[in-house]
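Chains as they are written, first to last, in the working numbering: chain A, 64 to 258; chain B, 812 to 1485; chain C, -5 to 171.
Right, one structure below, let's go through it.
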């Protein structure tokens, strides 16, 4: 440490370069983290037209599809997939349930459309009771670990329906219940026309 | 009309604030006192003007102008007058207005002080404060405008705009949604304003610190000037935290007072660095050391204030506390980024100029122990910070949501708090410059005797929980050490000046406010720790559905369900009220009235019945009104031992801060000699 | 014939008697139903879990209907004899790791447990090293004399804080720097 005559001097040492780099990296890392968090919070819902990532739905007993107890979205390429989120404690879901089932019945035999019911944060006994109550026949399963809903909408409410086209792109988002069977058909018919 | 007036006033305030910012900058770069004075006057003017704007908003709230979206969302016809007034801070837009108003009040107070000795610092203090003020006003004007109103367009859609879109008609809803039920409580009067006062007050020392950095001042003038502001900020922040705990306990009805929710942790973080700062600046004042560290601490404190506000308001973190989704995120992000980057860059640039020779001749000197204090507080800060952002990191990296909950926080922070308690006992005995085991030992052996006796008594009474043993022993240690020290000083003064005990104590208090305030604050913290330990370690709870006349037992108390009244109202709300009698040893102690209220919007709120004594609280919640009938009702009863010491300690804490913040008599005389 | 008829009647009566035998058993079980788990037992487990949808709310205090359903589910699982660990595992499988009050020890979650102690120890170490650098023996040669400094210990202005007149002077000088 150098000492000059007169007033005692203080040693002039810059902040070491590596410390500076570390601090700036940390700061920028934090800002990047916050930015990413903000972007996620600002866009919780998947946008129409984006590729839907593959997901697996484990199905309830009695609601299997062609004997398979698990369904992957990638298995269903080539079909229109109607992903309907519901819960037994949700009144609007109960309101739309008969219409959705009726719509399913209309498309079941075409082989071009498949309805998937995803039970969101629910309990199995109540869920099965709900399914029986509305005579629902399309494949249904619980949203284990909230992974499937996390793909479509990080702030999912129920009921919400996401319709995926034959190429695996998100085609339509319905927040809230459908009001009628015709409403569902108006979306699906153009998708399968001529295919 | 009033809405347009209010909005116009806020725009005017914003422009004044911008003018202050620019004028102060110009004043500095051109060395022009006239520009700086203009800036100062402009900043002074913002306060009366923004008061007008805030008053307009309050009037609109009170008179039920539901065509304004904010009034619609936080008030309703059934709310009493006082609630409509405090609904000002019941939502995002209004609470930002409150923030701006408080900011302006402090800014004006700062400009009113005598600046003769510190002309150098003035421009940059104004720049920093106006910059912050402009930012918050911009949030109000451009993003969260409380004067936005409903319009119906010709297409039939409802839109929110400040001014009428072409061809649209004004909409006048007959009633509002009303304030969230859990906010409809007298505690709402104080908790948010106290917290915002604490937040806003920290801008002042930060502004002075930045001013000192920019102007290249390496002395501690800025600290001396802002010492009282820092104490005031710390006082309000502490009050805000304590009130939050009180509210959580008495209003929310879950039987606890602190949940380590991220938004609860958010104001705790600046409190931690603020406490570290308060201690560390004493080293700088006494010894001129650690200037860089103190700069860093105040920058950190202010940054955490902004960070906490950011977290609470932009929806980055999910929490019951968080405001609903808002568009202020991106611009807030830019603000926080700029603040951090500019502060760190300035500090690095001036790093050398702040360096002073550091000499520490003893590991047990007060400086050393203060540094240890800082290490511990910073460690608690890191724990809290990490706990808050880790779920964010985890979700971004793995897509998996996780919860970092109370068990982790308690386990990780526990030892650190314990060490801090031990330090509170020892540090006040250490001397500046030199302390050794011998000198400290001489002061410590006397209070150690009753401490060990207290420990022995606990063990004799059957306390086996080791955390309780360590915790309460530390409490006893701090209390005995401090009391012995005070007694020693009182007795010396009494001997020296012949005053009687009380007079001696009173005079000592008056002439050593900082030290005695500190003693009282330390004692109050461990008194609060008594309450915390009691609840954390010995709380019992039970839940049962009771038929009328039936009773349940908890920790020596018997609670009997007597009756129930259910009052439904026409608007869909209802109030269910139960009567529960509390007995102990066969003697009737009192009647409690836990209630359950439902509101037209479907939301619910519960009113807790509490029987309080110094030893404990018996806390009764009526869980469910749907399953409750005069025949039987479900209750949850919680026994919280020692909880009221938390509130008693909090009161002592406030008194301690007020004492510490008071003027030191000798120094005051000197200051007037300028 | 009469004997056979009586025998038939006897068998008939015997059957009826047998048919009625279970009734005391049924009525006994109706009077003493299998004890369902108490609220306290349910809460003991629910308090260790967090509500999957409400934010940061423990399952035993959450007032929503979904949470009531979950507590009932815990009650059923307890009645079936499931252990606390099994119930928690079920919730994790169904609702994800966010129902636990602490992150499970997998993947990057180790960081949550490691970072705080490591930071504290690093800080303590740095402080220790700094102390070693700063701590000079008591007989250190006094720093170069400072005209304003009568203590010979510190050359910073802070050291004069005990002498208010000198600090005033200091500040005036600083102002004119």
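Every residue, glycine too, gets a C-beta built ideally from N, C-alpha and C.
Can you pull the chain B neighbours of residue i, defined as C-beta to C-beta under 8 Å?
| i | result |
| --- | --- |
| residue 98 of chain A | 1144 |
| residue 83 of chain A | 1159 |
| residue 219 of chain A | Ordered by position in chain B, no residue passes the 8 Å Cβ test against residue 219 of chain A, which lies about 13 Å from the chain. |
| residue 104 of chain A | 1125, 1126, 1127, 1136 and 1140 |
For the candidate residues the options, whose alpha-carbon lies nearest to that of residue i?
| i | options | result |
| --- | --- | --- |
| residue 892 of chain B | B/1223, B/875, B/1317 and B/922 | B/875 |
| residue 135 of chain A | A/93, A/186 and A/116 | A/116 |
| residue 239 of chain A | A/160, A/155, A/231 and A/145 | A/155 |
| residue 1163 of chain B | B/1275, B/1425 and B/1101 | B/1101 |
| residue 1189 of chain B | C/68, C/118, C/47 and C/64 | C/118 |
| residue 1358 of chain B | B/1068, B/1370 and B/1002 | B/1370 |
| residue 980 of chain B | B/1431, B/1204 and B/878 | B/878 |
| residue 1076 of chain B | B/1198, B/1313 and B/1447 | B/1198 |
| residue 218 of chain A | C/53, C/48, C/37 and C/34 | C/48 |
| residue 38 of chain C | B/1383, B/1352 and B/1161 | B/1352 |
Report yes if the C-beta distance between residue i and residue j is below 9 Å; otherwise report no.
| i | j | result |
| --- | --- | --- |
| residue 1009 of chain B | residue 1036 of chain B | no |
| residue 1230 of chain B | residue 1261 of chain B | no |
| residue 1178 of chain B | residue 1098 of chain B | yes |
| residue 1115 of chain B | residue 100 of chain A | no |
| residue 828 of chain B | residue 853 of chain B | yes |
| residue 1375 of chain B | residue 1387 of chain B | yes |
| residue 143 of chain A | residue 225 of chain A | no |
| residue 97 of chain A | residue 1144 of chain B | yes |
| residue 1284 of chain B | residue 1255 of chain B | no |
Taking Cβ positions only, does residue i come closer than 9 Å to chain E?
| i | result |
| --- | --- |
| residue 128 of chain C | The structure shown has no chain E; the protein chains it does contain are A, B and C. |
Taking residue i as the query, report the chain C residues whose CB atoms sit under 7 Å from its CB, ordered along the chain.
| i | result |
| --- | --- |
| residue 205 of chain A | 88 |
| residue 186 of chain A | 63, 64 and 67 |
| residue 1218 of chain B | 95 and 96 |
| residue 1355 of chain B | 33 |
| residue 1189 of chain B | 117 |
| residue 1171 of chain B | 125, 128 and 129 |
Could you give the residue range of the alpha helix (DSSP H) that holds residue i?
| i | result |
| --- | --- |
| residue 937 of chain B | 933 to 949 |
| residue 121 of chain C | 104 to 128 |
| residue 839 of chain B | 813 to 840 |
| residue 903 of chain B | 903 to 923 |
| residue 187 of chain A | 187 to 196 |
| residue 1236 of chain B | 1217 to 1237 |
| residue 223 of chain A | Premise fails: residue 223 of chain A lies in the beta strand (DSSP E), 223 to 227, not in any alpha helix (DSSP H). |
| residue 1004 of chain B | 998 to 1012 |
| residue 1279 of chain B | 1277 to 1308 |
Give me the chain A residues within the contact set of residue i, using Cβ-Cβ distance strictly less than 7 Å, ordered along the chain.
| i | result |
| --- | --- |
| residue 59 of chain C | 152 |
| residue 1200 of chain B | 96 |
| residue 1148 of chain B | 94 |
Interface residues of chain C around residue i at Cβ under 9 Å?
| i | result |
| --- | --- |
| residue 951 of chain B | Here the premise fails: no neighbours, minimum Cβ distance about 27 Å. |
| residue 1232 of chain B | Going along chain C, no residue has its Cβ under 9 Å from residue 1232 of chain B, so there is no contact; the nearest lies around 17 Å. |
Could you spell out the range, first to last residue, of the beta strand (DSSP E) harbouring residue i?
| i | result |
| --- | --- |
| residue 42 of chain C | Here residue 42 of chain C belongs to no beta strand (DSSP E), and DSSP marks it neither H nor E. |
| residue 1423 of chain B | 1420 to 1423 |
| residue 238 of chain A | 233 to 238 |
| residue 979 of chain B | First-last for residue 979 of chain B: undefined, no H or E at that position. |
Would you mind giving the Cβ-Cβ distance between residue i and residue j, rounded to the nearest angstrom? I have them listed as a contact below 8 Å.
| i | j | result |
| --- | --- | --- |
| residue 932 of chain B | residue 849 of chain B | Not quite, the Cβ-Cβ distance comes to about 17 Å (not below 8 Å), so this is no contact. |
| residue 1032 of chain B | residue 929 of chain B | 7 Å |
| residue 1470 of chain B | residue 1318 of chain B | Actually they are not in contact, since the Cβ atoms of residue 1470 of chain B and residue 1318 of chain B sit about 13 Å apart, beyond 8 Å. |
| residue 1012 of chain B | residue 917 of chain B | 6 Å |
| residue 1451 of chain B | residue 1428 of chain B | 4 Å |
| residue 978 of chain B | residue 964 of chain B | 7 Å |
| residue 96 of chain C | residue 957 of chain B | Contact flag wrong, Cβ pair sits at about 40 Å. |
Run through chain A and tell me which residues come within less than 8 Å of residue i, C-beta to C-beta.
| i | result |
| --- | --- |
| residue 47 of chain C | 184 |
| residue 1207 of chain B | 96, 99, 100 and 103 |
Would you mind telling me which residues of chain B sit closer than 9 Å to residue i, beta carbon to beta carbon, in chain order?
| i | result |
| --- | --- |
| residue 86 of chain A | 1155 and 1159 |
| residue 120 of chain A | Within chain B, no residue comes near residue 120 of chain A; the closest Cβ sits about 17 Å away, beyond 9 Å. |
Cβ of residue i within 8 Å of any heavy atom in the ligand SAH?
| i | result |
| --- | --- |
| residue 255 of chain A | Looking for the ligand SAH in the displayed structure turns up nothing, as the structure carries no ligands at all. |
Given that residue i touches chain B, what residues does it touch there, using C-beta distances under 7 Å?
| i | result |
| --- | --- |
| residue 92 of chain C | 1212, 1213 and 1214 |
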